[in-house]
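Here is the structure we will look at, set down as structure tokens.
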Amino acid sequence: MTSILEQLKDSVSQALVAAFGTELADTDPLIAPTNNPKFGDYQSNVALSLAKPLKQNPRAIAQSIIDNLQLEDMCDSPTIAGPGFINFTLKSNYIGRLLREIQPDERLGIPQVQPTEKVIVDFSSPNIAKEMHVGHLRSTIIGDAIARILEFRGYDVLRLNHVGDWGTQFGMLIAYLREAYPEALTTANALDIGDLVSLYKKAKVRFDEDEKFKQTARQEVVNLQAGAEDSLHAWKLLCDQSRQEFQVVYDLLNIKLEERGESFYNPFLADIVSELEQKGLLEESEGAQCVFLEGFTNKDGDPLPLIVQKTDGGFNYATTDLAALKYRVKEDGAARIIYVTDSGQANHFAGVFQVAKKAGILPESVEVVHVPFGLVLGKDGKRIKTRSGETVKLKDLLDEAIERAKNDLETRLKEEERQETPEFINHVAQVVGLSAVKYADLSQNRTSDYKFDFDKMLDLKGNTAPYLLYAYVRPQGISRKGNIDFSQLDTDTQIVLTEEAELVLAKHILQLEEVIKEVESTLLPNRICLYLFELSQKFNQMYEQCEILKADEPQRTSRLILADLTARTIKLGLSLLGINVLERM
RNA sequence: GGGCGAGUAGCUCAGUGGAUUAGAGCAUUUGGCUACGAACCAAAAGGUCAGGGGUUCAAAUCCCUUCUCGCUCACCA
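Under the working numbering, the residue at position 28 of the first sequence is numbered 48, and the numbers go up by one with no gaps.
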């Protein structure tokens with residue numbers, strides 16, 4: 021189905037050519053939804069922008085466009101307003117026809133891209149031997165949502181978990197374990213993740229305080245990167261234990277990821293450095309092998325290097341990211357690579373991308389995008405730190421969300437004197453709790469800092485997941501009460517939309533395609549949240565004003581279809597955010 | 001000091017260059033259930049869109065500048 025916006029654009033473009041000649045064939049018709057319903061549904065601002073080049077009065081231009089427009093089956097006759105806006109109001113029977121078109125379609129009329137392209141989404145990426153904390157929540161949830169949206173649009177998406185399973189922290193950990201718990205280096209599951217985390221902290225303290233230990237730790241990294249047998253064995257044990265723990269969280273959140281950690285690229289690191297050398301990009305500075313960047317300076321105004329090999333001979337994350345980039349371009353054949361990490365890494369990625377382009381690793385045809393997100397702040401507005409101080413563990417956070425949702429539900433059941441099984445209560449609590457956490461994060465513009473607040477996150481009122489879930493449950497209630505199978509509704513007779521609330525709702529349902537396409541390019545999932553919230557509001561308003569089951573035909577069937585399409589749109593939209601719906605709650 | 005980002009209602013945040021009233025939600029005040037489940041709806045109140053310039057027919061939005069606050073600036077990732 022061609023979206024309303026595209027149809028209008030085409031029509032106005034044709035009218036422009038008809039009225040003013042083919043030189044305007046490429047002029048953007050500047051169609052946008054109106055921001056006030058009293059001006060109709062869509063407006064074109066093109067007449068104003070053409071006033072100067074055409075040296076004509078914008079209202080006269082608008083009139084010429086209208087005279088050449090052919091939109092009879094779509095809109096009432098367009099009107100000129102103010103200095104020269106053209107306003108379009110969609111006909112209700114046209115809207116009814118569009119609803120009919122999407123009604124039998126599982127995808128609700130949203131097309132898939134042709135041909136498909138390979139897209140890599142790199143997200144989550146926790147560090148081995150550390151617990152997943154609230155900071156990983158954003159990357160995991162946002163990355164998953166982006167992957168789902170692109171998958172739905174038909175892209176061949178590879179979801180990569182670039183796990184921090186390599187690097188200095190392992191030198192530190194192994195060196196410390198050798199010192200303190202040698203048995204843990206040889207026996208599986210001698211330590212649980214909780215121990216690992218406290219070990220990490222102790223090792224970090226030793227690392228920071230003891231220069232000799234620091235040297236030993238650095239040597240361990242080099243040994244590991246060189247493939248020393250006993251170091252590798254210890255490393256594998258550490259990774260396995262962490263992996264099990266991560267999986268618990270991924271299962272709970274229903275996140276699917278392919279693990280390809282930093283260690284995967286280890287065999288390619290030396291080649292990357294020599295490749296840079298061959299291209300004449302490499303310089304030695306203070307003992308380290310660097311590529312100096314354009315447009316980046318340090319405190320003293322000197323050019324900033326991207327270090328690809330450290331003084332001790334070890335490689336670092338810049339080297340790994342270059343190797344990963346090359347692999348993803350050459351072996352995976354990615355056309356678009358999306359990195360979902362916090363905005364603090366913006367400089368790093370800008371540097372890596374610049375060097376990769378210079379070195380010919382990254383061709384023009386491949387789009388790389390850093391999708392940054394803001395910090396996780398405490399309720400006090402200060403940063404929640406990862407290494408010092410107490411951080412909120414992700415698992416604990418999710419459990420508490422579910423627990424709170426359960427308490428809330430039980431209170432409600434008591435008030436309403438409803439009886440439900442424990443299975444029902446647990447299931448609803450789990451869906452509501454997890455949805456609330458995901459939605460609270462996704463509904464904000466990801467680029468702003470995220471103020472982490474249990475009470476707000478778990479509030480069941482307002483622009484929250486429970487509000488949307490409830491809007492989904494209401495049509496299901498109608499279906500049960502009226503003994504109606506939505507999938508068996510009449511698909512032939514005309515849909516009639518008489519009440520204002522019905523029209524408003526119907527038009528909103530038809531906006532889904534535009535919203536999804538927008539998110540596909542901006543990678544801002546909060547647009548979908550806003551859309552679904554507004555949809556839910558509009559449905560609730562219609563529900564309040566229009567009787568459905570008791571209405572006479574043809575209103576009754578039309579309204580049932582509206583209710584069904586609302587529910588299916590919410591279900592689809594939420595599924596793109598990784599959120600499940602409930603039939604009852 | 002450089003780079004990047006942010007400053008919109010008491011609070012949390014949307015906001016796609018347009019039309020005498022800049023939008024939500026929360027909180028506050030006030031109405032609406034013998035029910036298609038009120039986890040809802042309706043109404044009120046709340047703003048010199050940080051300040052100052054500029055471009056434009058039109059600026060919260062683009063440009064410049066000042067102030068404030070974050071993040072970041074070589075061997076952690």
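Every residue gets a Cβ at the ideal spot worked out from N, C-alpha and C, and that includes glycine.
Quiz prompt | Straight-line Cα distance separating Ala-343 from Lys-299 | solution = Translated into positions along the first sequence, residue 299 becomes position 279. Translated into positions along the first sequence, residue 343 becomes position 323. Our two residues, Lys-299 and Ala-343, have alpha carbons roughly 16 Å apart in a direct line.
Self-check item: Whole-angstrom C-beta distance between Arg-158 and Val-389, which should lie under 8 Å
Solution: The sequence position of residue 389 within the first sequence is 369, counting from 1. The sequence position of residue 158 within the first sequence is 138, counting from 1. Cβ atoms of Val-389 and Arg-158 stay farther apart than 8 Å, at about 16 Å.
Quiz item: Which residues mark the beginning and the end of the alpha helix (DSSP H) in which Tyr-551 is found?
Solution: Stepping through the first sequence from its first residue, residue 551 is reached at position 531. Membership of Tyr-551 in the alpha helix (DSSP H) is indicated by the continuous run 546 to 565.
Self-check item: 8 Å CB neighbourhood of Thr-136 in its chain, flanking five on each side removed
Solution: In the first sequence, the residue the question calls residue 136 occupies position 116. Closer than 8 Å at Cβ, skipping near neighbours: Gly-174, Tyr-175 and Asp-176.
Exercise. Specify the secondary structure class of Leu-345 as computed by DSSP and reduced to three states.
Key: Translated into positions along the first sequence, residue 345 becomes position 325. In this structure, Leu-345 counts as helix in the three-state DSSP scheme.
Quiz item: Taking C-beta to C-beta, are Leu-543 and Leu-582 nearer than 8 Å?
Solution: As a working note, residue 543 is residue 523 in the first sequence. As a working note, residue 582 is residue 562 in the first sequence. Against a cut-off of 8 Å, the Cβ pair of Leu-582 and Leu-543 comes out as no contact.
Self-check item: Reference Gln-235; option with closest CA among Asp-512, Tyr-201 and Met-192
Solution: Taking the first sequence and counting its residues from 1, one reaches residue 235 at position 215. In terms of Cα proximity to Gln-235, the closest of Asp-512, Tyr-201 and Met-192 is Met-192.
Self-check item: Cβ shell of Glu-412 (< 8 Å), same chain only, five flanking positions each side left out
Solution: The residue labelled residue 412 in the question sits at position 392 within the first sequence. A quick correction: the sequence has Val, not Glu, at residue 412. Cβ neighbours of Val-412 beyond the five flanking positions: His-153, Val-154, Ile-404 and Phe-472.
Quiz item: Would a C-beta distance cut-off of 8 Å place Thr-586 and Arg-120 closer than the cut-off?
Solution: The count along the first sequence starts at 1 and reaches residue 586 at position 566. The count along the first sequence starts at 1 and reaches residue 120 at position 100. The answer is no: Cβ separation not under 8 Å.
Quiz item: Does the count of Cβ pairs from the stretch 571 to 578 and the stretch 430 to 448 closer than 8 Å reach three?
Solution: These segments do not touch.
Quiz prompt | For Ile-194 and Ile-381, the rounded distance between their alpha carbons | solution = Here the question's residue 381 lines up with position 361 in the first sequence. Here the question's residue 194 lines up with position 174 in the first sequence. Going by the C-alpha atoms only, they are around 34 Å apart.
Quiz item: Which runs of the beta strand (DSSP E) spanning at least 3 residues fall entirely within the stretch 259 to 290, listed in chain order?
Solution: Taking only runs of at least 3 residues, no beta strand (DSSP E) segment lies wholly in the stretch 259 to 290.
Quiz item: Out of Ser-556, Glu-151, Val-386 and Ile-166, which has the shortest C-alpha to C-alpha gap to Lys-350?
Solution: Within the first sequence, numbered from 1, the residue matching residue 350 stands at position 330. Minimum Cα distance to Lys-350 is reached at Val-386.
Practice problem: Label Lys-527 either buried or exposed according to how many other C-beta atoms from any shown protein chain fall within 10 Å of its C-beta, with 16 as the threshold for buried. | Solution: Here residue 527 refers to the residue found at position 507 of the first sequence. Classification for Lys-527: buried.
Quiz item: Given that a residue counts as buried once 16 or more other Cβ atoms are within 10 Å of its Cβ, and exposed if not, what is Leu-596?
Solution: Locating residue 596 in the first sequence gives position 576, counting from the first residue. Result: buried.
Quiz item: Secondary structure at Val-220, three-state DSSP: helix, strand or coil?
Solution: Walking along the first sequence from the start, residue 220 turns up at place 200. The sequence shown places Tyr at residue 220, not Val. Three-state result, Tyr-220: helix.
Exercise. Report yes or no: do three or more beta-carbon pairs, one from the stretch 43 to 63 and one from the stretch 558 to 576, lie closer than 8 Å?
Key: Too few Cβ pairs lie closer than 8 Å, so no.
Practice problem: Could you tell me whether the Cβ atoms of Gln-90 and Ser-31 are closer together than 8 Å? | Solution: The residue you call residue 90 lines up with position 70 of the first sequence. The residue you call residue 31 lines up with position 11 of the first sequence. In this structure, Ser-31 lies closer than 8 Å to Gln-90 by Cβ.
Quiz prompt | C-alpha distance - Cys-566 paired with Asn-107, whole-angstrom precision | solution = The sequence position of residue 566 within the first sequence is 546, counting from 1. The sequence position of residue 107 within the first sequence is 87, counting from 1. So the two alpha carbons sit approximately 28 Å from each other.
Quiz item: Do you know offhand how far Val-451's Cα is from Gln-245's?
Solution: Residue numbering aside, residue 451 sits at position 431 when the first sequence is read from its first letter. Residue numbering aside, residue 245 sits at position 225 when the first sequence is read from its first letter. Val-451 and Gln-245 have their C-alpha atoms roughly 43 Å apart.
Exercise. Could you tell me how far apart the beta carbons of Pro-49 and Ser-64 are, in whole angstroms, since I believe they sit closer than 8 Å?
Key: Here residue 49 refers to the residue found at position 29 when the first sequence is read from its first residue. Here residue 64 refers to the residue found at position 44 when the first sequence is read from its first residue. That belief holds up - the Cβ atoms of Pro-49 and Ser-64 are roughly 6 Å apart, short of 8 Å.
Self-check item: Reduced DSSP category for Ile-515 - H, G, I as helix; E, B as strand; rest coil
Solution: To locate residue 515, count along the first sequence from 1; it is residue 495. Ile-515 carries a coil assignment under DSSP once its states are collapsed to helix, strand and coil.
Exercise. Closer than 7 Å by C-beta to Arg-424: which residues in its own chain qualify, once you throw out the five before and the five after it? Chain order, please.
Key: Taking the first sequence and counting its residues from 1, the one referred to as residue 424 is at position 404. Gly-453 and Leu-478, listed in sequence order.
Self-check item: Proximity winner among Phe-105, Ser-455, Ala-101 and Ile-140, relative to Arg-280 (alpha-carbon distances)
Solution: Indexing the first sequence from 1 puts residue 280 at position 260. Nearest option by C-alpha distance: Ile-140.
Quiz item: Based on the DSSP secondary-structure assignment, which residues constitute the bridge partners of Lys-471?
Solution: Your numbering for residue 471 matches position 451 in the first sequence. The secondary-structure analysis by DSSP pairs Lys-471 across a beta bridge with Leu-397.
Exercise. Flag this pair as touching only if the stretch 538 to 555 and the stretch 486 to 496 have three or more C-beta atom pairs under 8 Å; answer yes or no.
Key: Counting C-beta pairs closer than 8 Å gives three or more between the stretch 538 to 555 and the stretch 486 to 496, which meets the contact rule.
Quiz prompt | Beta-carbon gap between Ser-27 and Met-94 smaller than 8 Å | solution = Reading the first sequence from its first residue, position 7 is the one you call residue 27. Reading the first sequence from its first residue, position 74 is the one you call residue 94. The sequence as given places Gln at residue 27; Ser does not occur at that position. Their beta carbons are under 8 Å apart, which means Gln-27 touches Met-94 by this criterion.
Self-check item: Under the three-state DSSP convention, the category Lys-150 falls into
Solution: Your numbering for residue 150 matches position 130 in the first sequence. Looking at Lys-150 - three-state DSSP - the assignment turns out to be coil, as it is neither helix nor strand.
Self-check item: Where the beta strand (DSSP E) containing Pro-325 begins and where it ends
Solution: In the first sequence, residue 325 corresponds to position 305, counting from 1. Annotation for Pro-325: the continuous beta strand (DSSP E) segment containing it runs 323 to 329.
Quiz item: Since Val-389 sits in a beta bridge, which residues does DSSP pair it with?
Solution: As a working note, residue 389 is residue 369 in the first sequence. Its beta-bridge partners are Ile-358.
Quiz item: How would you call His-253, buried or exposed, if buried means at least 16 neighbouring beta carbons within 10 angstroms?
Solution: As a working note, residue 253 is residue 233 in the first sequence. With fewer than 16 other Cβ atoms within 10 Å, it is exposed.
Quiz item: What does DSSP give as the partner residues of Ala-308 in its beta bridges?
Solution: Position 288 of the first sequence holds residue 308. The beta-bridge partner set that DSSP reports for Ala-308 consists of Ser-305.
Quiz item: What first and last residue would you give for the alpha helix (DSSP H) that runs through Val-452?
Solution: Residue 452 sits at position 432 when you count from the first residue of the first sequence. Start and end: 442 to 462.
Quiz prompt | Pro-53 - containing beta strand (DSSP E), residue span | solution = On the first sequence, position 33 is the one that residue 53 refers to. Its beta strand (DSSP E) spans residues 51 to 53.
Practice problem: Count the other C-beta atoms from every protein chain shown that fall within 10 angstroms of the C-beta of Glu-9, then say buried if there are 16 or more, exposed otherwise. | Solution: With the chain running from 21 to 605 in the structure shown, residue 9 is simply not present.
Exercise. Name the residue from Leu-418, Ala-101 and Ala-449 whose alpha carbon lies nearest to the alpha carbon of Asp-428.
Key: On the first sequence, position 408 is the one that residue 428 refers to. Selected option, being the one with the closest Cα: Ala-449.
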